[in-house]
Amino acid sequence: MSTQALFTLREIAEQLSIPYEVVRDNVYAGRWPHSKFSERTRRMSAEDVERVRAMTHHEPSDPTRSEAHQRTKRMRELLRAV
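Numbers 1 to 82, taken from full-length UniProt numbering, label the letters of the sequence shown in order.
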């Protein structure tokens, strides 16, 4: 049987460099994976933290142009064609 270290929500907040309230609110709302030991005691494993990082990671589709910029550019081109 593998023993996995469990961290308090405060420890997780420190690891992620975010406010404790953000961690607490996401865990208690059921948005982030965790282990529930009682109504007031929740813990997260390193694997849980990696799942949160994966859930919140964002890669821009085109790092040079936003979608809004692309739409504006297309509209200008269409207006010039008229």
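For each residue, glycine too, the CB sits at the ideal point set by N, CA and C.
Here the structure is a predicted model, which is why all the values come from computation and not from measurement.
Q.
As an exercise, report each continuous beta strand (DSSP E) stretch of at least 3 residues that is fully enclosed by the stretch 12-73, in chain order.
A. 42-45
Q | Stretch-stretch touch, CB-based, cutoff 8 Å, three pairs: the stretch 22-33 with the stretch 43-58 | A | yes
(Q) Tell me the rounded alpha-carbon separation between L9 and E67. (A) The straight-line gap from Cα to Cα measures roughly 36 Å.
Q.
Between which residues of its own chain and V23 is the CB-CB distance below 6 Å, once the five residues before and five after are set aside?
A. L9, I12, A13
Q | Of the residues A46, T72, L78, the one placed nearest L16, counting alpha carbons only | A | A46
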